[in-house]
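A short write-up of the structure that comes next.
2 protein chains.
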Amino acid sequence: MPLNRARLEIASAFSWRRLCTVLLGLALSIGGLAPAGAEASDPLPSWNDGATKQSVIDFVTRVTKEGGPDFVAPQDRVATIDNDGTLWVEQPIYTQFAFAIDRVKATANQHPEWATQEPFKSVIAGDMKAVAAMGEKGMVEIMAATHAGMTTADFDQTVEQWLATAKHPRFKVLYTDLVYQPMLELLDYLRANDFKVFIVSGGGVEFMRNFADKTYGIPPERVIGSSGVTQYQMWDASPVLVKQPKVLFVDDGPGKPEGINHFIGRQPIFAFGNSDGDKEMLEWTAFCQRLCFMGLVHHTDAAREYAYDRDSDVGKLDKALDEATAKGWTVVDMKNDWKTIFPAAKAGP
Amino acid sequence: MPLNRARLEIASAFSWRRLCTVLLGLALSIGGLAPAGAEASDPLPSWNDGATKQSVIDFVTRVTKEGGPDFVAPQDRVATIDNDGTLWVEQPIYTQFAFAIDRVKATANQHPEWATQEPFKSVIAGDMKAVAAMGEKGMVEIMAATHAGMTTADFDQTVEQWLATAKHPRFKVLYTDLVYQPMLELLDYLRANDFKVFIVSGGGVEFMRNFADKTYGIPPERVIGSSGVTQYQMWDASPVLVKQPKVLFVDDGPGKPEGINHFIGRQPIFAFGNSDGDKEMLEWTAFCQRLCFMGLVHHTDAAREYAYDRDSDVGKLDKALDEATAKGWTVVDMKNDWKTIFPAAKAGP
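Protein sequence lines, in the order shown, are assigned to chains A and B. Per the numbering used here, the first sequence runs over residues 8 to 356. Per the numbering used here, the second sequence runs over residues 8 to 356.
Printed below as a string of structure tokens:
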């Protein structure tokens, strides 16, 4: 206990950071230690030099400059970043939909009725054209059948197993290997500058929380997404949360600022997206009444990743691109602005 | 920029904490500095010594003891704490309901129809007995009329003005002065030991977020509560979120573990409540599969605060008290366990 109390005292009297500043001064003043890596280095090494990269660095530099006109206190440095197509690959179909398709196939033997029932019949037959033709209705039925009727713990385990084994059809690597190295660097750069970094995605919150901490260093409570209703139940005197086939919240389009209000309760000063589903989040961020940053990833690299925008079924970028151009938001030209796309030795085209 | 980059380098190479440990070792080894306040002191000075206080300290000591059998990594130290009756006074009516009543009166001139329409007619006449007799239906109508139809920004401003002026009927001080000093110390103690402290309350999330940071040091993104639907709209080319008269989520009873899953996505290891509305949160926490702490505030002090439990309309504590007794959860006997109730020089009975 004395040790613990001593720790508490140190923590509450100084905070690690303030104590550290004192100690650093002491160490430097006696010439006993020069902090390693204190020389300037590039925080975004996978970004090519140019206006895009510079816009990020300028923004972060300005809002973190104490005493400067654009300074923002650390507690207000909220960054909200989309997931599909912004942090990882979303083509040819959203990863979570690929998971759902695989789950239909894997559990088909428990559902003999699916043999004659759409959209499941087409999924099982591998006729993705027919599934696509059924549009949103079919997709919703597939999601409900694969994302409900189990406990949150069982769902989490199923996602974990799938992500550990399923391979992307083109790149032949795990989906979690198909994250964008430049964006990983951006997340690190923001956190090193005391930003609170949140994912704000149309994807399912429980699906993303399974890998966001391991993959991006973003803990569950900073992952915001679409969600279904869960129901608290007692099973053999043990409490469980059972996922219901009922939507609670759709975190896409106008749902993004609504979700930011619902989950975070603060105005972001930094937002990054890649599609029209991010338009309202960027507009909401632009309304921050101080210096704020709005960015879009424009997928322009068919060789190394994909090239798509206005006519894409997945990740359509049309109105948001026009608005970004009109308002001078940052638009990443993937082909020219990013030196590398994926983490080294993970994936090639 | 070089300064900024140097900072980034230090942060990412070491983290403040690790760098600090190195520097602390250096400083101590050269005998140049002994950390101030390193001697043991009482982290909970407003708690009387005894089994209740000891149960809190023992728990925190065990889960923070590195290498010990009950050690929990800092990122998993999630604490979820109720608000009304646990962090501040909830008698004679929930503070948020007092706010709603005052709003009905303050806006009655804009609603001539209320002169003949219940429950508003009785509210305006000050006949709270009649309002109470209308039960939940009346309360929901009052809440809808006062918590919807405005932007989130306007609502926030209204709450702020009300909290800055409205006085508690018995203690004649601001409601934010009626927080429990022993619980403020507990929040500090948990944070000093690297807990992530969340409010998980049946109260409205936007109402609580207005004061939680100032009053408890709990930032908006760590406040979980009941919420209504908001709708993103453009007003004169400015985006706004308009509060709709429609419930999105009720964070009470079984809604507490559901809300913890929805907002946090992690299992708490520490939970504190005071009523049957906290029962499921405590059960869910008790299911943490490692050392966990479940606590209840039992209001036993009519002289300094209030005494109520099984028969109370507000903050009824019946089944949860039985469960706490049966399972050995910590129950604060307010009269005997708390040396002081409110922060000094704020309120007396």
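Positions of the beta carbon are idealized from the N, C-alpha and C atoms, including for glycine.
Boundaries of the beta strand (DSSP E) in which Lys203(A) is found, first to last residue: Looking at the DSSP string, the run of the beta strand (DSSP E) that includes Lys203(A) is 203-211.
Beta carbon proximity, Lys174(A) to chain B, threshold 9 Å: The beta carbon of Lys174(A) sits no closer than 9 Å to any beta carbon of chain B.
Inter-residue spacing [alpha-carbon to alpha-carbon] between Trp121(B) and Asp134(B): 14 Å
Under 9 Å between C-beta atoms of Leu170(A) and Val96(A): no
Test: Thr102(B) CB closer than 9 Å to a CB of chain A: no
9 Å Cβ cutoff, Asn55(A) in contact with chain B: Not an interface residue.
Proximal residues to Tyr313(A) (C-beta, below 7 Å), its chain only, five neighbours per side dropped: Gln98, His306
Short-range partners of chain A found in the region 151-170 of chain B, where Cβ spacing is below 8 Å: Thr159
Inter-residue Cα distance where the pair is Met141(A) and Lys323(A): Counting only the Cα atoms, Lys323(A) lies some 19 Å from Met141(A).
Identity of the residue in Asp89(A), Ala139(A), Asn200(A), Gly156(A) nearest Asp320(A) by Cα: The residue among Asp89(A), Ala139(A), Asn200(A), Gly156(A) with its C-alpha nearest the C-alpha of Asp320(A) is Ala139(A).
Gly235(A) and Ala107(A) closer than 9 Å at C-beta: no
Endpoints, the beta strand (DSSP E) within which Gly232(A) is located: 230-242
Rounded straight-line distance, which links the Cα of Lys203(B) to that of Lys326(B): 28 Å
Spatially closest choice to Thr59(A) from Val338(A), Lys342(A), Ile149(A), by CA coordinates: It is Val338(A).
Supposed contact pair Phe270(B) and Glu228(A) - C-beta distance, whole angstroms, cut 8 Å: 7 Å
Check whether Thr153(B) and Leu248(B) have beta carbons under 9 Å apart: no
Proximal residues of chain B, C-beta to C-beta of Thr237(A) below 8 Å: Glu265, Asn268, His269
Cutoff 9 Å: Glu312(A) Cβ touching any chain B Cβ: no
Which residues DSSP lists as bridging Tyr315(B), in chain order: His306(B)
Spatial distance of Asn200(B) from Thr71(B) (CA atoms): Using only the alpha carbons, I get a separation of about 7 Å.
is_contact[Pro261(A), chain B] using C-beta, thresh 9 Å: yes
Proximity winner among Ile131(A), Phe162(A), Phe127(A), relative to Val147(A) (alpha-carbon distances): Val147(A) has its Cα closest to that of Phe127(A), out of Ile131(A), Phe162(A), Phe127(A).
Inter-residue spacing [alpha-carbon to alpha-carbon] between Gln82(A) and Tyr196(A): About 16 Å.
Contacts around Ser62(A), its chain only, beta-carbon distance under 6 Å, and the 5 residues preceding and following it disregarded: Cβ neighbours of Ser62(A) beyond the five flanking positions: Thr337.
Environment of Val130(B) [buried if 16+ CB atoms lie within 10 Å]: buried
Cβ contact check for the region 249-261 of chain B and the region 215-225 of chain A: 3 or more pairs under 8 Å: no
Short CB-CB distance (under 9 Å) between Pro227(B) and chain A: Yes, Pro227(B) counts as interfacial toward chain A.
Beta-carbon gap between Lys334(A) and Met301(A) smaller than 9 Å: yes
Contacts around Ala132(B), its chain only, beta-carbon distance under 8 Å, and the 5 residues preceding and following it disregarded: none
Nearest neighbour of Ile348(B), chosen from Asp283(B), Gln296(B), Trp54(B) [CA to CA]: When only C-alpha atoms are compared, the closest one is Trp54(B).
Proximity of Gly272(B) and Gly232(B) at Cβ, strictly below 9 Å: No. Outside cutoff.
Residue environment, Met241(A), which counts as buried when at least 16 other CB atoms sit within 10 Å: exposed
Contact set for Gly44(A): own chain, Cβ-Cβ below 6 Å, skip 5 residues either direction: At Gly44(A), the pLDDT of 43 sits below 50, so the modelled position is not reliable; the number obtained from the coordinates is stated separately. For Gly44(A), where only same-chain residues beyond five positions count, there are no Cβ hits under 6 Å.
Beta strand (DSSP E) segment containing Lys72(B), residue limits: Per DSSP, Lys72(B) belongs to no beta strand (DSSP E) and is neither H nor E.
C-alpha distance - Gly262(A) paired with Ile88(B), whole-angstrom precision: Taking the straight line joining both Cα atoms gives about 28 Å.
Cutoff 9 Å: Lys203(A) Cβ touching any chain B Cβ: yes
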